[in-house]
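S.K.: Per the working numbering: the sequence shown = residues 7 to 242. Even for Gly, the Cβ is constructed at its ideal location relative to N, Cα and C.
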Amino acid sequence: MEKSDSIERPQLWTSWINCTFKPGLAATDFLHRWHQTLGQLHETYGTDTPSQKCQYLQFLNAISFHPDMELWNCTDRIKIGIPNLMDKVYEDFLSYAHGMPSVKIITVFLARSSTGIRTEKDGWLRKSLEHTKTAYERHYGLQDTVETDYRHYTFVHQSNEPFARTGETSKYFANLRAEVEKYDGKLVVVINGWDGLTTDRHSVVKLFSSQRDPITVSYPIDSSPMHMLAAFPALG
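1) Please state the DSSP three-state secondary structure of residue 119.
2) Which residue marks the beginning of the alpha helix (DSSP H) containing residue 131, and which one marks its end?
3) Should residue 118 be labelled buried (16 or more other beta-carbon atoms within 10 Å of its own) or exposed?
4) Closer than 6 Å by C-beta to residue 114: which residues in its own chain qualify, once you throw out the five before and the five after it? Chain order, please.
5) Please check the pair residue 207 and residue 162, which I expect to be a contact at CB under 8 Å, by giving their CB distance rounded to whole angstroms.
6) When burial is assigned at 16 or more other CB atoms within 10 Å of the CB, is residue 186 buried or exposed?
7) Going by DSSP, name the residue or residues bridged to residue 155.
8) Count the other CB atoms within 10 Å of the CB of residue 212; is the residue buried (16 or more) or exposed (fewer)?
9) Residue 204 by DSSP, collapsed to three states: which one?
10) Might you give, ordered along the chain, the residues of its own chain that have their beta carbon closer than 7 Å to the beta carbon of residue 171, omitting 5 neighbours on each side?
11) Consider the C-beta atom of residue 214 and the heavy atoms of the ligand HEM; say whether any pair is separated by less than 7 Å.
12) Within 10 angstroms of its Cβ, does residue 22 collect 16 or more other Cβ (buried), or is it exposed?
13) So is residue 184 buried or exposed if we call it buried at 16+ other beta carbons inside 10 Å?
14) For residue 135, which residues from the same chain have a beta carbon less than 6 Å from its beta carbon, with the 5 sequence-adjacent residues on both sides left out?
15) Look at the alpha carbon of residue 174 and the alpha carbon of residue 147, and state the distance between them as a whole number of angstroms.
16) Beta-carbon within less than 6 Å of residue 139's beta-carbon, same chain only, minus the 5 sequence neighbours each way: which residues are those?
17) For residue 155, which residues in the same chain have their Cβ closer than 6 Å to its Cβ, ignoring the five residues on either side in sequence?
18) Run through DSSP, which three-state label would residue 169 get?
19) In whole angstroms, what separates the C-alpha of residue 176 from that of residue 169?
20) If distances are taken between C-alpha atoms only, which option among 127, 141 and 126 comes closest to residue 197?
21) Just list the residues that DSSP pairs residue 195 with in beta bridges.
22) Return the CA-CA distance between residue 143 and residue 192, expressed in angstroms with no decimal places.
23) Strictly by DSSP, which residues pair up with residue 160?
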């Protein structure tokens with residue numbers, strides 16, 4: 007266990023401070039780079055982005071436990087001062103950890119129209135999604151330990167027509183997948199009706215095939231088995 011931990015933390019260190027141990031590296035150079043990175047991270051807190059808080063704590067943990075600290079060519083006073091400074095900063099900003107989400111969930115409420123122009127249908131579709139969101143929250147509730155980012159997406163497309171790989175909807179889902187992987191989170195897609203996204207099996211594969219984690223498709227308990235088969239036939 008100790009071995010794997012010692013391997014993981016230097017990787018966090020390298021990605022954040024861009025500085026690994028070198029025999030000739032001065033402690034003053036380390037402190038300069040550390041303060042630079044700390045300042046940049048501290049400025050981001052005005053955006054209240056949960057990922058920045060997670061990354062900040064990872065940064066603190068990485069530098070606090072850096073395995074090469076004792077090998078640095080510097081005075082004992084500086085060697086002692088560096089971890090003490092780390093501890094002080096960690097305590098000062100520990101409050102950011104309280105209530106911090108363990109996982110970020112992006113929940114997309116999605117509504118589709120088979121005909122018409124999107125600019126004309128958008129208002130009606132978004133209004134229907136407000137009802138969907140209310141019903142979803144009533145049924146599933148909210149998890150206090152999870153940061154949920156609610157999104158709305160509307161589009162005009164025939165349910166049985168394949169999505170173009172370079173089309174707007176395909177790009178939208180590609181961006182969602184990239185964001186979920188970046189935040190190490192989860193993606194939930196809530197649709198209006200059994201055919202609210204697509205009934206084309208190949209489109210489902212295109213939209214989710216690169217997803218890192220298994221995909222769970224949930225239906226309301228009153229959904230017809232015929233609808234379930236029509237909407238999502240076996241993907242194998």
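M.R.: On the basis of the coordinates in this document:
1) Locating residue 119 in the sequence shown gives position 113, where the first residue counts as 1. Residue 119 falls in the strand class under three-state DSSP.
2) The count along the sequence shown starts at 1 and reaches residue 131 at position 125. Note, residue 131: alpha helix (DSSP H), 124–146.
3) By one-based count along the sequence shown, residue 118 stands at place 112. So residue 118 ends up on the buried side.
4) Residue 114 sits at position 108 when you count from the first residue of the sequence shown. 157, 159 and 195, listed in sequence order.
5) Within the sequence shown, the letter at position 201 stands for residue 207. Within the sequence shown, the letter at position 156 stands for residue 162. With 8 Å as the limit, residue 207 and residue 162 do not qualify as a contact, their Cβ atoms being about 21 Å apart.
6) What you label residue 186 is simply residue 180 of the sequence shown in a count that begins at 1. It is buried - the Cβ of residue 186 has at least 16 other Cβ atoms within 10 Å.
7) Locating residue 155 in the sequence shown gives position 149, where the first residue counts as 1. Beta-bridge pairing links residue 155 to 112.
8) Position 206 of the sequence shown, counting from 1, holds the residue named residue 212. Buried is the call here.
9) For the purposes of this step, residue 204 is identified with residue 198 of the sequence shown, where counting begins at 1. Coil.
10) What you label residue 171 is simply residue 165 of the sequence shown in a count that begins at 1. Cβ neighbours of residue 171 beyond the five flanking positions: 212.
11) As presented, the structure is devoid of all ligands, the ligand HEM included, so that no description of it is given.
12) Walking along the sequence shown from the start, residue 22 turns up at place 16. Confidence is the limiting factor: at residue 22 the pLDDT is only 40, short of 50, which leaves the residue's position unreliable, though a coordinate-based value still follows. So residue 22 counts as buried.
13) Here residue 184 corresponds to residue number 178 of the sequence shown, with the count starting at 1. With fewer than 16 Cβ atoms within 10 Å of its Cβ, residue 184 is classed as exposed.
14) Residue mapping note: residue 135 aligns to position 129 of the sequence shown, counting from 1. Contacts found: 115, 117 and 158.
15) Locating residue 174 in the sequence shown gives position 168, where the first residue counts as 1. Locating residue 147 in the sequence shown gives position 141, where the first residue counts as 1. If I take the Cα positions, the gap works out to 31 Å.
16) As a working mapping, residue 139 is identified with position 133 in the sequence shown. Within the same chain, residue 139 has close Cβ partners 115.
17) Position 149 of the sequence shown holds residue 155. Once the five neighbours on either side are set aside, the close Cβ partners of residue 155 are 112.
18) For the purposes of this step, residue 169 is identified with residue 163 of the sequence shown, where counting begins at 1. In this structure, residue 169 counts as coil in the three-state DSSP scheme.
19) Counting from one through the sequence shown, the residue named residue 176 turns up at place 170. Counting from one through the sequence shown, the residue named residue 169 turns up at place 163. Computed Cα separation, rounded: 7 Å.
20) Position 191 of the sequence shown holds residue 197. Checking every option, the nearest Cα to that of residue 197 belongs to 141.
21) Translated into the one-based positions of the sequence shown, residue 195 becomes position 189. Note: residue 195 sits in a beta bridge opposite 114.
22) Locating residue 143 in the sequence shown gives position 137, counting from the first residue. Locating residue 192 in the sequence shown gives position 186, counting from the first residue. Distance between the alpha carbons of residue 143 and residue 192: 17 Å.
23) On the sequence shown, position 154 is the one that residue 160 refers to. Bridge partners of residue 160: 117.
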